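What follows is a set of notes on a single structure, which appears directly below.
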Amino acid sequence: MNDDCFMYGNDHQVQVLQAMKTMELYADLMETAQKEVNKSNFKLTDLQTSIELMFNDKGRNGTLKNAIYKYICIHAAKHSEVPIDHLKDPISYVFKAQQSWEKKIMKSLNSMCTELNVPLARQRTEKEQKEFSQMWTALGADGPDFSQIRPVYAPKDFLEVVTSLNNVNYRSANNNGFNLWGIIQIPLKNRTMDELRIQFNEMSINQWQSGMDDEQDIFQEIFHDDRIKLGQKVIASKLAPLACEFTKKGSSISLRGDLWCQMLGIKIDDVDVLYYEKLKSNVLQHELLIDNLLYKDVKLTATNDDHYFVFEDFLYQVLLPFSRDTVVLRNLLENSTATPARSFIRGKVGMEHFEVYYPPSGVIPFHGFAMYVSPLCYLYKEPIKLYYVFRELYMCYFFRLHVLSTDPQGILSLSQLFETLLQTHEAELFYHLKSVNCQPLKIAFKWLMRAFSGFLASDQVLILWDRILAFNSLEILSVLAVAIFTFRKTNLMKVQTYSAAEGVLADLTTLQVLPLIQLSLFCK
Amino acid sequence: MNNFEARGWIQVNPEDDFNFYWANVQNIRNIFSIESGYRLSDDQFINHFPNHMELTRKDLMVKNIKRYRKDLEKEGSPLAEKDENGRFVHLDFIPQTFMLPSDYNLFVEEFRKNPNTTWIMKPCGKARGIGIFLVNKLSQLKKWSRDGKTNVFTPPTAKETYVISKYIDNPLLIGGKKFDLRLYVLVTSFKPLKCYMYKLGFCRFCTVKYNANVNELDNMFVHLTNVSIQKQGEDYNSIHGGKWTVQNLRLFLEGTRGKEIADKLFDEINWLTVHSLKAVSGCISNDRHCFECYGYDIIIDDNLKPWLIEVNASPSLTATTSSDRIMKYKLISDVINIVIPPGELPDVRWSRIPAKENLGSFDILYDEELAQADILTQEIKSRVGQATGTRGARDSKRTTSTWK
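These protein sequences, in sequence, are chains E and Y.
Letter by letter, the first sequence follows residues 1 to 524 in full-length UniProt numbering.
Letter by letter, the second sequence follows residues 1 to 404 in full-length UniProt numbering.
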């Protein structure tokens with residue numbers, strides 16, 4: 001039946017169809033359709049229309065639409081005949097750089113292992129397992145000693161790698177390379193300010209935004225109430241594209257949790273609960289060195305943060321199972337240039353059979369990784385939902401923030417976008433900073449890499465991530481970074497050293513995201 | 001001190017004349033005691049009411065609130081409505097409390113009705129969590145039972161009296177830890193009642209996970225949220241000090257439980273603050289020279305009901321973290337702005353209706369004068385949309401709307 005619908009086989013549509021066929025949804029739809037067909041009062045001639053009607057009735061239509069929308073959002077149209085390696089990244093030197101970076105991380109991890117005499121992975125004894133499971137909800141209290149563990153890398157290390165990327169084949173007329181003053185040296189195509197304005201149109205200054213315009217004033221209360229009513233209708237409709245459109249103007253605090261679930265396509269059913277329990281039991285059985293890294297990271301970042309220290313225990317309950325989750329690995333293999341590290345089971349080095357991915361999720365955390373999860377704790381109380389939302393967010397967006405690729409949403413492009421925008425629109429500022437030996441990207445990079453989590457106030461981070469999900473794009477991060485520099489321009493023009501500039505931009509907690517973005521995008 | 005200097009004020013010695021006196025509680029007693037014969041003149045402000053202990057001592061506060069409720073009941077006011085169990089529907093904001101040794105027998109009766117409950121003993125005259133302990137067996141109170149049985153009438157001194165309240169063993173837990181709320185309320189006058197709630201209150205978290213287990217009753221790190229106690233725990237973190245802003249609390253509750261629930265909770269907190277002040281407004285002498293900034297301690301249970309634990313007259317103004325210091329600096333600054341409109345000389349006779357700009361981070365909680373004026377001229381004020389006017393009207397509307 002479905003084949004009839006897609007008669008004019010557009011390459012892309014065929015692809016979508018093939019992907020659909022592998023999903024559980026397809027089996028579910030087929031089953032429902034077959035049940036319907038087997039009813040005695042069914043006429044063959046009405047096949048198509050009645051099935052469509054029936055789907056509509058049961059709400060399957062919506063789920064199908066959501067699934068297709070999600071697929072399209074995530075996967076850029078890829079040519080089905082291109083070999084896997086080329087798919088990874090069209091530009092080879094970027095790909096090579098990513099591989100060598102990964103090798104470096106793995107080496108550092110291995111050396112930490114030998115230094116501390118701790119294995120990469122180890123099975124826990126029965127007694128340890130029991131203790132651990134009792135402590136599951138209170139892991140923050142008694143952890144092992146981490147003083148010797150260091151984070152594998154921090155944003156500034158990654159920045160060094162990023163800026164050293166250089167296309168050896170490219171030489172421009174100008175000796176400085178095409179990027180006049182900045183430190184990114186790769187010619188990537190980015191959007192201009194005008195294109196960004198069009199893309200982020202719904203945030204324009206003449207439109208009221210949730211999260212900014214719903215203060216306690218009589219007229220604005222009306223706006224606020226209206227948004228809530230509209231938002232509840234959107235949630236009731238269960239359609240993801242609708243939720244995205246709605247959230248482009250922000251979501252009110254009480255609806256945010258549900259809207260994000262809808263946009264990310266998350267619905268927790270029993271299978272999901274079981275899967276989480278399986279991951280949890282994996283954590284209990286085996287201890288990974290990665291666990292210690294995660295502990296250390298949480299202790300260094302979230303536990304010291306005014307806004308998130310309360311949620312410390314939830315972070316462990318999310319991050320530890322996350323690193324055992326092979327779904328993440330699969331996603332990485334398909335969609336990212338990363339080649340997850342591999343390791344060998346002890347004693348069997350070099351034998352293909354015994355090669356495993358380490359860690360099972362393919363993600364080695366860096367300093368600040370825990371902050372990807374922290375803002376979510378304001379939205380979800382139960383660890384399971386928290387886990388799935390975080391995993392989805394990571395697989396759709398955050399993985400691009402610490403992998404080298406020419407992906408237009410990757411950290412390279414975002415940095416490039418930031419520098420170009422800043423140079424074009426705040427040339428004076430950029431030049432002044434460069435002349436006092438302060439490259440703006442050096443300060444802004446950590447904001448971009450952590451999606452501003454931990455730098456802005458908690459409610460502002462949520463407002464910002466609203467827009468990331470709604471517009472399906474991380475570019476808003478660069479726009480915000482530029483806006484912050486513009487905002488603090490007068491003070492920045494007076495600085496004479498790098499540390500003074502850092503000082504001016506050290507505390508962002510009083511900033512409000514929306515007015516800044518609107519000023520920057522729509523008021524020039 | 002920085003606040004005062006920033007305004008160009010001059011510090012004076014104890015003997016000299018002063019315009020503004022931020023005193024501690026002992027000096028207040030001296031100034032207002034009958035023997036000293038000291039009279040405050042019209043341009044002098046002082047930061048405590050003379051008999052503030054009616055609100056700030058645990059036993060007097062409970063006494064006053066109980067009396068207030070009884071009075072309302074006698075008047076037949078709908079606020080004093082009771083449910084089937086005899087508990088007040090709208091005014092049930094303090095946990096059941098008895099005074100010891102005077103109410104010992106009443107307490108024993110109550111305890112015998114529900115023998116498995118936990119109660120918390122607090123000495124009346126102390127602060128900062130000193131001397132507090134939990135009891136769940138009558139034997140732990142032997143000391144007072146002996147005293148209660150003697151027939152000699154010796155009025156207990158402040159040092160010996162205790163209050164015993166029903167312990168809230170189902171506090172709302174966030175991240176598995178117990179916390180309480182510290183809110184600052186500024187009162188510039190009791191008759192008519194004018195009070196202001198500070199928007200930037202904070203939550204104090206315990207460093208240890210909450211455990212209602214009987215064996216843990218002695219572990220003060222689990223049960224008491226006072227910073228002075230938690231500071232001594234091993235997990236105390238001095239960067240954030242276990243303090244969370246009220247805005248984060250609100251963000252969390254709205255995000256995870258919905259707006260109506262969060263709004264209802266904060267409305268109830270405002271409600272209980274206003275009524276606690278009304279309860280003592282009759283007995284606190286309304287000296288024109290006085291204003292006071294109280295620290296309200298509130299605990300929220302897991303049904304999201306707020307309970308008033310106590311009111312502090314000298315809330316700690318020392319800072320434990322850097323954001324704490326900023327907040328307390330702003331607090332004092334805003335207090336001064338409201339009490340003495342900036343740019344003017346202090347004059348106790350002014351009308352005490354601060355302009356909106358001077359409110360800073362305070363919200364008008366209840367202004368009796370404005371509320372009464374509003375009832376007369378309600379329509380005009382709400383049409384004009386004056387912020388002070390509408391807020392005052394809204395608050396009085398809230399109180400009047402529950403009047404059936």
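Just so it is clear, CB atoms sit at the ideal spot from N, CA and C, and this is done for glycine as well.
Here the structure is a predicted model, which means the values were calculated and not measured.
The beta carbons of SER254 of chain E and GLU254 of chain Y sit closer together than 9 Å.
DSSP lists E:GLN123 as the bridge partner or partners of HIS286 of chain E. Under the three-state reduction of DSSP, LEU293 of chain E is assigned to helix. PHE202 of chain Y has Y:ARG182, Y:THR245 as its beta-bridge partners, per DSSP. Separation of LEU412 of chain E and LEU469 of chain E (C-alpha to C-alpha, rounded to the nearest whole angstrom) is 20 Å. One finds GLY255, THR256 in chain Y with Cβ atoms closer than 8 Å to the Cβ of GLY257 of chain E, taken in chain order. Checking the DSSP bridge columns, you'll see GLY295 of chain Y partnered with Y:TYR184, Y:ASN312.
Three or more Cβ pairs drawn from the segment 50 to 57 of chain Y and the segment 277 to 295 of chain Y lie within less than 8 Å of each other, which places the two stretches in contact. Under the DSSP definition of a beta bridge, ASP367 of chain Y partners with Y:LYS194. Counting C-beta pairs closer than 8 Å gives three or more between the segment 370 to 384 of chain E and the segment 315 to 327 of chain E, which meets the contact rule. Excluding sequence positions up to five before and after PRO241 of chain E, its CB lies within less than 6 Å of the CB of TYR69, all in the same chain and listed in chain order. Taking a beta-carbon distance threshold of 9 Å, LEU251 of chain Y counts as an interface residue toward chain E.
Beyond the five residues adjoining it in sequence on each side, ILE290 of chain E comes within less than 6 Å, by CB distance, of SER323, PRO359 in the same chain, given in chain order.
Closest in alpha carbon position to ASP226 of chain E, among E:SER237, E:PHE246, E:LYS238, E:LEU239, is E:PHE246.
Chain Y places no beta carbon closer than 9 Å to that of THR247 of chain E, leaving this residue out of the contacts. As for any beta strand (DSSP E) of minimum length 3 sitting wholly inside the segment 352 to 383 of chain E, the runs are 355 to 357, ordered along the chain. Every alpha helix (DSSP H) stretch that sits fully inside the segment 62 to 139 of chain Y and reaches 4 residues is listed by chain position as 104 to 113. In this structure VAL495 of chain E is buried. Its beta-carbon is surrounded by 16 or more other beta-carbon atoms within 10 angstroms.
A distance below 7 Å between beta-carbons, with the five flanking residues on each side excluded, links HIS240 of chain Y to the following residues of its chain, in chain order: THR321. SER361 of chain Y is positioned such that its CB atom lies no closer than 9 Å to that of ASN286 of chain Y. Counting only Cβ-Cβ distances below 9 Å, LYS446 of chain E has no contacts in chain Y at all, with the closest Cβ about 19 Å away. Beta-bridge partners assigned by DSSP to CYS290 of chain Y: Y:ILE46. Interface annotation for the segment 311 to 327 of chain E against chain Y: PHE311, GLU312, ASP313, PHE314, criterion Cβ-Cβ distance under 9 Å.
Ranked by how close their Cα comes to the Cα of LEU72 of chain Y, the residues Y:GLU292, Y:HIS275, Y:ALA313 have Y:HIS275 in first place. Out of Y:PRO306, Y:VAL187, Y:ASP180, Y:CYS195, the CA that lies nearest to the CA of PHE202 of chain Y is found in Y:ASP180.
The beta carbons of ILE484 of chain E and LEU441 of chain E sit no closer together than 9 Å. Assignment of alpha helix (DSSP H) within the segment 298 to 348 of chain E, counting only whole runs of 4 or more residues, yields 312 to 322, 326 to 335 in chain order. For SER189 of chain Y, the three-state secondary structure derived from DSSP is strand.
Secondary structure at ASP302 of chain Y: coil, using DSSP grouped into helix, strand and coil.
Between ASN190 of chain E and LEU417 of chain E the beta-carbon gap is near 5 Å, inside 8 Å, which marks them as a contact. Against chain E, the beta carbon of ILE174 of chain Y has neighbours under 7 Å at VAL310, listed in chain order.
Proximity to MET193 of chain E across E:LEU492, E:THR303, E:HIS425, E:LEU29 peaks at E:HIS425, based on C-alpha coordinates.
Three or more Cβ pairs drawn from the segment 298 to 307 of chain Y and the segment 161 to 180 of chain Y lie within less than 8 Å of each other, which places the two stretches in contact.
Judged by beta-carbon spacing, PHE398 of chain E lies beyond the 9 Å limit of VAL152 of chain E, meaning their Cβ atoms are not closer than that value. Contact annotation: LYS381 of chain E and ILE266 of chain E have beta-carbon atoms that are not nearer than 9 Å.
For a cut-off of 8 Å, the C-beta gap from THR245 of chain Y to LEU200 of chain Y is around 7 Å, short enough to register as a contact.
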